[in-house]
Amino acid sequence: MFALLSEVKRRIPSIGAVSSGAIASDYQRLRVESVCSRLGLVSLAYMWRQDQTLLLEEMIRRGIVAITVKVAAMGLKPSVHLGKELAELKSHLLQMNESFGINVCGEGGEYETLTLDCPLFRNARIVLDDFEVILHSADSIASVGILHPLAFHVEPKPGSSSSIGDGAIAEENSSCLYEVNGAIAHTDGETKQTLNPTPTSDAYPDTNVCISKTGKTLFSIGCWIEEPSSASQGMKADLVKVLSRIENQLKDGGLSWANVLYVHLYISSMKEFGLANEVYVSFITEKKCHLGVPSRSTIELPLVQAGLGNAYVEVLVSNDLVKRVLHVQSISCWAPSCIGPYSQATLYGEILYMAGQLGLDPPTMKLCLGGATAQLDLALRNSEAVANAFKSSIFSSAIHFLVYCSAHLTSTEKEAV
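End of the sequence shown = 417 in the UniProt record's numbering, gap-free, step of one.
Shown next, in the form of structure tokens:
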């Protein structure tokens, strides 16, 4: 996939995103997200965590004509179900879902399909003229069979303005077909860090650290600039110092960023959010956090006025590496994506630590209209979607809510919130 998309990006530099059909498979989603991240592309997964029965019905209703070309599940027989359209199999798939729990959209590998017609095929449809069925496994419980097309032709759609002959592919479009070589240098599209994230603690005597024990296996580390009037050198320099000091504090205890569950990032101005994020990703990376990057909230506070420099960071740390992280970077209809270096939520013990949520419309990643109350309502619904992924609910299981309001809100708006 990396080789293919690298070649596509090289030939079409304007490409900015990749759309995939992941519904519930973290394996599929993470593969696409990993490649997109390396190539600087956005991952789009608009079917993510959608109801599979509704998706199947919608695909059929929208005119997607797809036939099964592989079956490999209990209740699906090669001799009976190969070559069938999804519309024909719908009731049987729903029955198999109730009986055996199969994925009705086949995401678990229960079946594979070939699309012969859909709304994107504006001028013609594919018609199979001949095929053979190859039996890979004659297992009495779940036989595995493949439909191998032998001959096909392209049939013009009624009302189509184009005429398609036996050649099937117009000569002028032949330049769109390329052979992609597998050997692609892994440095293509990858971002190299330019910051040095590991200076010694002694190099930053102007930082202050506070460590608080919050449980048997949990503690927090807070760090800020101790003498901001003389020591502060701007957002980038301050955050480098603070994160460096925390990193060395972790190392002194035999720990690393992988032990961090949650990060509270406070900055003096949201106008410098991009710069703060650039520094942040040079310290806290997927490579350093093999179980997943910690969840995070980022808040603007009047730090300079309070004598705390331009950046204040507090991290929640565990002594062990027993956590479950949800980090969805794909844009979808489910909840706002975390394209940045932080996860939507981290489960440790019986507590779910959730990243800060804004009133973002998930598929567009834009703030919703309607003001503060509408944004709060959507932020809560986004939080509920994340909680549901852990089989939980903020409405029945929430321990603590922390709501930040803009300083520009009127007293009436704050009361409404």
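The beta carbon of each residue, even a glycine, is placed where N, CA and C say it ideally should be.
Taking all protein chains shown into account, decide if R296 is buried (16 or more other Cβ within 10 angstroms of its Cβ) or exposed. buried
Kindly indicate which three-state DSSP category R324 falls into: helix, strand or coil? strand
Pair within 8 angstroms by beta-carbon distance, V313 and V279: no
By DSSP, does T285 sit in helix, in strand, or in coil? coil
L4 and L39 - do their beta-carbons sit closer together than 8 angstroms? no
Inspect the beta-carbon positions of V417 and A372 and report whether they are closer than 8 angstroms. yes
In chain order, which continuous runs of the alpha helix (DSSP H) of length 4 or greater are located wholly inside the segment 246 to 296? If only uninterrupted alpha helix (DSSP H) runs of at least 4 residues are considered, those enclosed by the segment 246 to 296 are 273 to 283.
For residue 429, which beta-bridge partners are listed by DSSP? The first residue shown for the chain is 1 and the last is 417, placing residue 429 beyond what the model contains.
Residue of I284, L301, Y404, R381 minimising C-alpha distance to S393: R381
Three or more C-beta pairs below 8 angstroms linking the segment 375 to 391 and the segment 354 to 366: yes
Three-state secondary structure (DSSP) of A183: With a pLDDT of 46 at A183, under the threshold of 50, the predicted position of this residue should be treated as unreliable, though the coordinate-derived value follows. If DSSP states are grouped into helix, strand and coil, A183 belongs with coil.
Where does the unbroken beta strand (DSSP E) through I351 begin, and where does it stop? 351 to 354
Please name the residue, chosen from L116, F100, P78, A124, that lies closest to L135 on a Cα-to-Cα basis. P78
I need the straight-line Cα distance from T115 to V209, nearest angstrom please. CA-CA distance, T115 to V209, rounds to 59 angstroms.
Anticipated Cβ contact below 8 angstroms, C105 with Q52, distance rounded: C105 to Q52, Cβ: 5 angstroms. Contact.
Return the residue from the list W257, V315, T364, A24 that minimises the CA-CA distance to W48. For W48, the nearest C-alpha among the options comes from A24.
Excluding sequence positions up to five away, which residues of its chain have a Cβ less than 6 angstroms from the Cβ of L128? The residues P149, F152, in chain order, have a CB closer than 6 angstroms to that of L128 in the same chain once the five nearest residues on each side in sequence are set aside.
Does the contact criterion of 3 or more C-beta pairs under 8 angstroms hold for the segment 285 to 296 versus the segment 320 to 335? Yes, since at least three Cβ pairs between the segment 285 to 296 and the segment 320 to 335 fall closer than 8 angstroms, the two stretches touch.
Consult DSSP for E172 and reduce its assignment to one of helix, strand or coil. Confidence is the limiting factor: at E172 the pLDDT is only 41, short of 50, which leaves the residue's position unreliable, though a coordinate-based value still follows. Helix, per DSSP.
Classify L120 as buried or exposed, calling it buried when 16 or more other Cβ atoms lie within 10 Å of its own Cβ. L120 comes out exposed.
Touch check for the segment 245 to 253 and the segment 336 to 343: three-plus C-beta pairs under 8 angstroms? no
What's the C-alpha gap between G222 and V315? So the alpha carbons of these two residues sit roughly 6 angstroms apart.
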